[in-house]
Amino acid sequence: MNAVKKKSALLLSSTAPVGGFGESPAVDTLIELLNPLSAFINGKPKGSLNLWQEETKKHHPMDRLIGLEPSNRVTVRIEPGKRCYGCLTLRNVMHTMPVAYRLLPLNRPRFNVRPETGIIAPLATLTVEITYLPPPPPAPLLPESVPESDESFFLDSVVAAGASVKDGASFSSLDAVPADWFTAKKKQVFSDSGIRLYFVGSAVLSRLVADGDMVKVREVLEFSDREWHSADSVDARGQTLLHLAISRGRADLVQLILEFDANVNATNLAGRSALEAAAAVGEVLIAELLLARGASTRRSQGSNWGPLHHSAAAGHLELLQLLLLHGAAPDLPAADGLTALHLAAEERRKECVATLLSAGALAEARGGAAGYTALHVAASTGDEATARLLVEKGCAGLREARDSAGMTAYDVAAKEGHRGFSYSCVSGRLWQLQRGKERLEPRRGQSRREHRRIGGTGMDGPR
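In full-length UniProt numbering, the protein residues as written are 1 to 463.
This is the structure in structure tokens:
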């Protein structure tokens, strides 16, 4: 028994600070833990020693008083026009004593912490909010470093021996800790500067996708709450993440964004879907990814052209074939009533015209304010090769078809000044060019003056 007394006295004397007991959390804890041992020494039941041993095992190493949950990384969501904040849980790792804390940002104009100070009961937790305060416009919304922040936060903690706190869940006193508690002269202060912010949100994702940083895009999407639907984020110009990735030609980014359940038919501010955007620039692989996720081949409600119109007008033959293979209707009209066949003829895309006709496109379909057929369109551009193809593939019966102004395809060609345009490929009547005489038989109902204008003064018909 005397040996135990001497050992405990030696232990106390070796850990006590110069100013006496109570000024060091390590000493305060040791005194508290030795109470059961003292009871044992003074002749109390042996169970007191077992209690002391159990309590000793429970305590964490004395390198910190507060644990950070779930980790030292605080996720802060940044959304334009909304409060940008994240939450961090502080846990008192002490089993029998309350702990006071103070959490301060180094950059106080840009960050706010609530509550900055408080007292946490033994083994209790307290949640603090860290709010990002964006600079006023026209300064950028985002900080320079995203998604990892280079900002610093300092967490100080001290044992609050004898602090008045209540039992239960509300065992915390907020913003009520005097500043002098955290001076080394008063108590032993534990400091932690390991708290790090991690920015997420639509603004962050838009920047990372625009930069093409696939690794960080994946990280931010993984750290984002599924309920936020972060994959459907839109930037300040109304572009979705899919549109941004398509504009960079990044099929890998498109696939990544789709993995996080992005709305494949979402439109940008201009009303264009992702598939329409891919079709406009001829991104076949991206179109395949979108179609595999169920992208619609129809024209979006707010868009002038659908995917088929874009691919036909731009001459993206492989993409046009892909869309038709996935069930795109070849005769769906654009906003102005023109079909993909009209647009392909207008842009002299002969191969696209042939593909559409083979897919069952209606050659007699009319569109636009003038009520043109595709043959009218080809005649207006002077594209004789496309006009002949249209006639060969089924437009022969429309050579006499008239637009809303009563003009045939030949009339349209003449109006547009295409003098070398072959009459036979757009008219059911014969345009005979007599060799040597260079005579042009005038059509019934058409003035001789018009033929002089088209054929020249040396090409008068019979008087």
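Yeah, the Cβ is synthetic: ideal placement off N, Cα and C, and Gly gets one too.
All values derive from a computational prediction rather than experimental measurement.
Exposed unless 16 or more other CB atoms sit within 10 angstroms - verdict on residue i
i           : result
residue 37  : Only weak support is given to the placement of residue 37: the predicted model assigns it a pLDDT of 42, under 50, and the value that follows is read from those uncertain coordinates. Buried: at least 16 other Cβ atoms inside 10 Å.
residue 471 : One cannot answer for residue 471 here, as it falls past the ends of the chain, which runs 1 to 463.
residue 238 : exposed
residue 346 : buried
residue 84  : buried
residue 294 : exposed
residue 123 : exposed
residue 369 : exposed
residue 87  : exposed
residue 311 : buried
residue 276 : buried
residue 477 : Nothing can be reported for residue 477, as the shown portion of the chain is limited to 1 through 463.
residue 225 : exposed
residue 417 : exposed
residue 360 : exposed
residue 222 : exposed
residue 207 : buried
residue 430 : Only weak support is given to the placement of residue 430: the predicted model assigns it a pLDDT of 34, under 50, and the value that follows is read from those uncertain coordinates. By the 10 Å Cβ count, residue 430 comes out exposed.
residue 92  : buried
residue 328 : buried
residue 367 : buried
residue 82  : exposed
residue 108 : exposed
residue 248 : exposed
residue 308 : buried
residue 170 : For residue 170, the predicted structure reports a pLDDT of 45, less than 50, and the residue's modelled location is therefore unreliable. A value from the coordinates is still provided. Exposed: under 16 other Cβ atoms inside 10 Å.
residue 404 : exposed
Residue-chain proximity (residue i, chain B), Cβ-Cβ < 9 Å
i           : result
residue 237 : Among the chains of the structure shown, chain B does not appear; only one protein chain is present.
Cβ distance (whole Å) where residue i is taken to contact residue j below 8 Å
i           : j           : result
residue 373 : residue 364 : 6 Å
residue 149 : residue 140 : So it is not a contact: roughly 14 Å between Cβ atoms.
residue 204 : residue 220 : 6 Å
residue 158 : residue 100 : 5 Å
residue 153 : residue 64  : The Cβ separation is near 15 Å, so there is no contact.
residue 330 : residue 338 : Not quite, the Cβ-Cβ distance comes to about 13 Å (not below 8 Å), so this is no contact.
Residue i: first and last residue of the uninterrupted alpha helix (DSSP H) it sits in
i           : result
residue 387 : 384-390
residue 257 : 251-259
residue 218 : 214-223
residue 318 : 317-325
residue 410 : 409-415
residue 351 : 350-358
residue 130 : No alpha helix (DSSP H) contains residue 130, which is instead part of the beta strand (DSSP E) from 125-132.
residue 377 : 374-381
residue 113 : From DSSP, residue 113 is part of no alpha helix (DSSP H) but of the beta strand (DSSP E) over 111-114.
residue 281 : 274-281
Contacting residues, own chain, Cβ-Cβ under 7 Å from residue i (five flanking each side not counted)
i           : result
residue 102 : 116, 117, 156, 177, 182
residue 245 : 209, 253, 254, 257
residue 378 : 345, 386, 387, 390
residue 284 : 318, 319, 322
residue 286 : 246, 251, 254, 278
residue 315 : 347, 349, 352
residue 402 : 408
residue 243 : 268, 274, 277
Element boundaries [beta strand (DSSP E), containing residue i]
i           : result
residue 191 : 190-192
residue 156 : 153-159
residue 307 : Counting along the chain, residue 307 falls outside any beta strand (DSSP E), though it belongs to the alpha helix (DSSP H) covering 307-314.
residue 402 : Taken as a continuous stretch (DSSP letters only), residue 402 belongs to no beta strand (DSSP E), as it is neither H nor E.
residue 119 : 117-120
residue 66  : 66-69
residue 493 : With the chain covering only 1 through 463, there is no way to say anything about residue 493.
residue 103 : 99-105
residue 88  : 84-92
residue 297 : Element bounds for residue 297: n/a, residue is neither H nor E.
residue 77  : 73-77
Best match in the options for proximity to residue i [C-alpha to C-alpha]
i           : options            : result
residue 297 : 129, 274, 315      : 274
residue 138 : 379, 89, 152, 80   : 80
residue 411 : 391, 386, 375, 349 : 375
residue 289 : 206, 271, 259, 179 : 259
residue 269 : 278, 240, 279      : 240
residue 357 : 341, 348, 367      : 341
residue 112 : 64, 76, 96         : 76
residue 215 : 147, 313, 235, 331 : 147
residue 114 : 107, 106, 127      : 127
residue 382 : 414, 406, 371, 404 : 414
6 Å CB neighbourhood of residue i in its chain, flanking five on each side removed
i           : result
residue 291 : 326
residue 74  : 86, 88, 130, 197
residue 380 : 412, 416
residue 280 : 310
residue 104 : 154
residue 272 : 303
Closer than 8 Å: residue i CB and nearest the ligand MN heavy atom
i           : result
residue 248 : What this structure holds is no ligand at all, so the ligand MN is not there to describe.
Residues near residue i in its chain [Cβ-Cβ closer than 8 Å; skip 5 each side]
i           : result
residue 335 : 299, 303, 304, 305
residue 193 : 152, 153, 154, 155
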